[in-house]
Amino acid sequence: MQKINVLKMTKEDVEEVFEIEKLVHPNHHWSKDSFYNEISNNLAHYYCSKDVNEKVLSYIGVWHIFEEAHITTLAVHPEFRNLQLAQVLLIKAIEDCYKDMVKYITLEVRESNIPAISLYEKFLFESIGMRKNYYQDNGENAIIMFTQNIWYDKFKNNFQTLKENINKVEACYDE
Ligand SMILES: CC(C)(COP(=O)(O)OP(=O)(O)OC[C@H]1O[C@@H](n2cnc3c(N)ncnc32)[C@H](O)[C@@H]1OP(=O)(O)O)[C@@H](O)C(=O)NCCC(=O)NCCS
């Protein structure tokens, strides 16, 4: 089983993260500066997963604002999909939310992005509305997804089960 380290994103990771970003979003990607700005922001929690050779495979960004967290980005290198790497990062992000006493987690996702919507539904995010023509590149609508209170048993029990079912990679979570 492949060993994966989940680490705080640092400025040394940004070049590699940006390469993945361009692969994943060829027409509407963030700039390198956006990542540099994000990782130096106190509200932001950015992580990447790396293989044993320290190659970056995926990354996630989350803002914590009082009792709400907002997932700003999540991407997995196209050659490393379906290995539970997105789930591993979401698990780290949600653990962080518990540490910061966050209650609700939200995000926007393109309405055509079935893989991502299905991933979030697995973590019990629900669609609660839509932002019309939200994405500037093609005018696509964004679905707004929210968790229920993450301290409720339903969310916690599901989260625990998902954690126990990570079996495609061996994830090591750095503090
Ligand atoms: C969405 C994305 C992050 C999933 O990454 P991944 O590491 O391949 O996902 P995982 O292996 O952790 O899969 C977890 C769940 O996601 C969903 N999922 C992932 N790929 C899917 C696909 N091609 N079709 C449908 N559901 C999919 C499933 O619910 C899956 O659970 P399952 O394996 O039990 O069916 C990845 O496809 C990606 O980087 N996409 C481009 C960027 C993006 O859309 N980011 C989200 C922006 S909001």
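Residues 1275 to 1449, numbered by this note's numbering, are exactly what the sequence shown covers, in order.
Beta carbons: idealized from backbone N, C-alpha and C, even for Gly.
Through-space distance from residue j to residue i, alpha-carbon basis
{"i": "tyrosine 1409", "j": "alanine 1416", "result": "7 Å"}
{"i": "arginine 1405", "j": "glutamate 1295", "result": "23 Å"}
{"i": "serine 1305", "j": "phenylalanine 1292", "result": "7 Å"}
{"i": "valine 1298", "j": "alanine 1343", "result": "23 Å"}
{"i": "asparagine 1441", "j": "serine 1308", "result": "33 Å"}
{"i": "glutamine 1422", "j": "glycine 1403", "result": "14 Å"}
{"i": "asparagine 1471", "j": "tryptophan 1425", "result": "Here the chain has residues from 1275 to 1449 only, and residue 1471 is not among them."}
{"i": "valine 1288", "j": "histidine 1303", "result": "13 Å"}
{"i": "isoleucine 1339", "j": "asparagine 1407", "result": "25 Å"}
{"i": "methionine 1283", "j": "tyrosine 1333", "result": "8 Å"}
{"i": "valine 1376", "j": "alanine 1445", "result": "23 Å"}
{"i": "aspartate 1257", "j": "glutamate 1385", "result": "The shown model of the chain, from 1275 to 1449, leaves out residue 1257, and the question about it has no answer."}
{"i": "lysine 1324", "j": "threonine 1380", "result": "25 Å"}
Residue i - containing beta strand (DSSP E), residue span
{"i": "phenylalanine 1420", "result": "1416 to 1420"}
{"i": "tyrosine 1321", "result": "1318 to 1324"}
{"i": "lysine 1277", "result": "1276 to 1282"}
{"i": "tyrosine 1447", "result": "1443 to 1447"}
Candidates the options, of which the one nearest residue i by Cα
{"i": "asparagine 1356", "options": "Ile1368, His1344, Leu1331", "result": "Leu1331"}
{"i": "lysine 1396", "options": "Asn1432, Lys1377, Glu1328, Val1288", "result": "Asn1432"}
{"i": "tyrosine 1447", "options": "Lys1366, Leu1317, Asn1315", "result": "Lys1366"}
{"i": "valine 1443", "options": "Leu1281, Leu1359, Asn1301", "result": "Leu1359"}
{"i": "glutamate 1286", "options": "Tyr1320, Asn1387, Ile1345", "result": "Tyr1320"}
{"i": "valine 1280", "options": "Leu1317, Val1336, Thr1347, Val1362", "result": "Val1362"}
{"i": "alanine 1430", "options": "Phe1399, Met1419, Asp1411, Lys1277", "result": "According to the sequence shown, residue 1430 is lysine rather than alanine. It is Phe1399."}
{"i": "valine 1383", "options": "Asn1316, Leu1364, Met1419, Phe1354", "result": "Met1419"}
{"i": "serine 1314", "options": "Gln1434, Asn1301, Lys1329, Gly1335", "result": "Gly1335"}
{"i": "asparagine 1301", "options": "Leu1436, Asn1412, Glu1438, Thr1435", "result": "Asn1412"}
{"i": "phenylalanine 1354", "options": "Asp1374, Lys1437, Asn1439, Ile1278", "result": "Ile1278"}
According to DSSP, residues forming a beta bridge with residue i
{"i": "arginine 1355", "result": "None, per the DSSP bridge assignment."}
{"i": "tryptophan 1337", "result": "Ala1318, His1344"}
{"i": "methionine 1404", "result": "Ile1417"}
{"i": "valine 1376", "result": "Answer by DSSP bridge pairing: none, since valine 1376 is not bridged."}
{"i": "leucine 1364", "result": "Leucine 1364 pairs with nothing; no bridge assigned."}
{"i": "leucine 1382", "result": "One point to set straight first is that residue 1382 is glutamate, not leucine, in the sequence displayed. Per DSSP, Ile1418."}
Where the alpha helix (DSSP H) containing residue i begins and where it ends
{"i": "isoleucine 1388", "result": "1388 to 1396"}
{"i": "valine 1291", "result": "1288 to 1298"}
{"i": "lysine 1430", "result": "1427 to 1438"}
{"i": "glutamate 1312", "result": "1306 to 1313"}
Any non-hydrogen atom of ligand 2 within 7 Å of residue i CB
{"i": "valine 1298", "result": "You won't find ligand 2 in this model; what it holds is ligand 1."}
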